[in-house]
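What follows is a set of notes on a single structure, which appears directly below.
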Amino acid sequence: MISRQTLREEPERVRDALDAKGVDDVELDEILEIYDEWRDLKAEGDDLRHERNEVSREIGELKRDGKEEEAQEAIDRSSELKERLEAVEDRADELEAELEERMMRIPMLPDDDVPRGADESENVERRREGFDDLRDLPDEVTPHYDLGEELDILDFERGAKVSGGGYYFAKGEGARLEHALIQFFLETHREQGYTDVFPPIPVNSKSMEGTGQFPKFTEDAYRLEGSHDEPYDDDDLWLLPTAEVPVTNLHRDEILLDDDLPLKYQAYSPNFRQEAGEHGTETRGIVRVHQFNKVELVNFVRPEESEERFEGLVSEAESVLQALGLPYRILEMCTGDLGFTQAKKYDIEVWAPGDDMADGPEQGGRWLEVSSVSNFREFQARRAGIQYRPEQHESAEYLHTLNGSGVAVPRVVVAILEYYQNADGTVDVPEALQPYMGGQEVIEGQEPVGESAVGDE
RNA sequence: GCCAGGAUGGCCGAACGGUAAGGCGCACGCCUGGAAAGCGUGUUCCCUUCCGGGAUUCUGGGUUCAAAUCCCAGUCCUGGCGCCA
-13 MISRQTLREE
-3 PERVRDALDA
7 KGVDDVELDE
17 ILEIYDEWRD
27 LKAEGDDLRH
37 ERNEVSREIG
47 ELKRDGKEEE
57 AQEAIDRSSE
67 LKERLEAVED
77 RADELEAELE
87 ERMMRIPMLP
97 DDDVPRGADE
107 SENVERRREG
117 FDDLRDLPDE
127 VTPHYDLGEE
137 LDILDFERGA
147 KVSGGGYYFA
157 KGEGARLEHA
167 LIQFFLETHR
177 EQGYTDVFPP
187 IPVNSKSMEG
197 TGQFPKFTED
207 AYRLEGSHDE
217 PYDDDDLWLL
227 PTAEVPVTNL
237 HRDEILLDDD
247 LPLKYQAYSP
257 NFRQEAGEHG
267 TETRGIVRVH
277 QFNKVELVNF
287 VRPEESEERF
297 EGLVSEAESV
307 LQALGLPYRI
317 LEMCTGDLGF
327 TQAKKYDIEV
337 WAPGDDMADG
347 PEQGGRWLEV
357 SSVSNFREFQ
367 ARRAGIQYRP
377 EQHESAEYLH
387 TLNGSGVAVP
397 RVVVAILEYY
407 QNADGTVDVP
417 EALQPYMGGQ
427 EVIEGQEPVG
437 ESAVGDE
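In this note's numbering, the protein residues as written are -13 to 443.
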């Protein structure tokens, strides 16, 4: 959430940010009007309340002195004030609630240095890594979904049977690969100073608001109780769409000490997304699924440190791809492609050579977003009430939060199955990963189980 | 799930219908050769250019001229009982 002060003092900057982000469902002028009207009523209410407090004090004194008649007069006056006060304050409360609700829908203002652009086509590629010394690839790289089924390490049909479309089983070496990647990521980031957190998987609505998923993006979340169309309460539960939600909300409504900062947490968790509105895109494979594993990095920092930490977070996130020897690129989001909550964001996209896409690199294949590193500045902190006290005797201020995926597991599996693929249909295990796979060097797959596998080859 | 007790500032803790004591911590000042002790001031949020004002005893309702205090509902914590990977 942006501050009221920003809204009041720099409305034009807010208007410009709305324009830069392509947000057109915020009526800024109406919000400013509501704000003005509320402030007038608040002043009026404060005056009335002041009067009532004085009369009340008087009543106490008169009663104590046994002056019953005079006390009764004062009580009558107080009753009258009470009525006027109620009318004014009820209206003021309504307006403030309205103001609060509207402000929750104003997006974070982009940083000044973020390239201005309308949509993803205007994102800026910052650099490309790992393309200088590429492996020898088979003439025809088999896409991960075909290879995964041939090796019987990915099973989409049974995923659909058991849970529905968009779910998959990882089996045998496929499952081991996911476990290994998770452990490898955690170990790497632990060495970078991260504290492990294993969060609750269901999170309440309040948490979803704290990180900015709600109230705008309820569509994409899995609701645990109640139907999707019903209004929700603060304590209704949802399956987390990213560990960013529980981990950032870990310190919701808290005041941290200056000495606590910076705080670096990492969390492995499954992530659940309805992917509403994505039907028809990415129906094959594990690039876009309803449940996927991810290791998330979350930082809480002093405001003046967030820009530097952002750069640090990018290198921490990309370090795992480097270690795995996977080629990737770093993309800076333009204003139009920044999310609701972000002031600045870089995507890390790994190269998956299996499917040629129009916007892929000249070597063929496609880019896959595996990590998204964002600086929210005080946007989430303000929503979630996360503060720190620079000096013990001073008032608390909002800290800055940042996060980065470190990284999405299935998409890395895609990149490994395609980039480390051999001509004979086996897949090399990247060297850095071998210790986490019991020393295994090659994935050879397994024989499928069951009647349905017989006779169709 | 049931029963009982509890929730007051950064921390501890009083007040139990009349408008939130006190202590600790922290900051600044006085004092001191310097420090300690001592003394003084300050130490939540909102509105206001200023002066000032309002709110705030877990949350939300209610009773009352007036609620930390009484009533109702909820959340969390502690203890006991029950259930249970």
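Ideal placement from N, C-alpha and C gives every residue a C-beta, glycine not left out.
Nothing here was measured: the structure is a model prediction, and the numbers come from that model.
- Taking one beta carbon from each stretch, the stretch 171 to 188 and the stretch 342 to 352 have fewer than 3 pairs nearer than 8 Å; the two do not touch.
- Beta-bridge annotation (DSSP): residue 159 is not paired with any residue.
- A distance below 8 Å between beta-carbons, with the five flanking residues on each side excluded, links residue 303 to the following residues of its chain, in chain order: 283, 334, 357, 359, 390, 391, 392 and 393.
- Between residue 330 and residue 97, the CB-CB gap stays under 8 Å.
- Of 239, 200 and 245, the smallest CA-CA separation from residue 224 is found for 200.
- In the DSSP assignment, residue 330 forms a beta bridge with 361.
- If you draw a 10 Å sphere on the C-beta of residue 237, you find 16 or more other C-beta atoms in it, and that means buried.
- Judged by pairs of C-beta atoms under 8 Å, the stretch 100 to 109 does not touch the stretch 401 to 408, as fewer than three such pairs exist.
- Listed in chain order, the beta strand (DSSP E) elements of length 3 or more contained wholly in the stretch 190 to 271 are 223 to 225, 240 to 243 and 249 to 258.
- Taking 8 Å as the cut-off, the Cβ atoms of residue -13 and residue 166 do not count as close.
- Taken through DSSP and simplified to helix, strand or coil, residue 140 comes out as strand.
- When DSSP reads this structure, residue 188 sits in a beta bridge with 225.
- Restricting attention to 412, 23, 220 and 215, the CA atom closest to the CA of residue 196 is found in 220.
- Pairing residue 272 with residue 140 gives a Cβ-Cβ distance under 8 Å.
- 256 is the residue among 256, 135 and 430 whose C-alpha sits nearest the C-alpha of residue 189.
- Using a Cβ distance threshold of 8 Å, residue 241 and residue 374 count as a contacting pair.
- Per DSSP, residue 309 is one residue of the alpha helix (DSSP H) stretching across 292 to 310.
- The three-state secondary structure of residue 170, taken from DSSP, is helix.
- The three-state reading of DSSP puts residue 407 in strand, counting E and B together.
- With a threshold of 16 other beta carbon atoms within 10 Å, residue 117 falls short and is exposed.
- A straight-line Cα-Cα distance of about 16 Å links residue 278 and residue 148.
- Taking 8 Å as the cut-off, the Cβ atoms of residue 138 and residue 158 count as close.
- One thing to note: residue 328 has its Cβ within 8 Å of the Cβ of residue 361.
- Ranked by how close their Cα comes to the Cα of residue 291, the residues 182, 386 and 156 have 386 in first place.
- DSSP places residue 378 in the coil class of the three-state scheme, outside both helix and strand.
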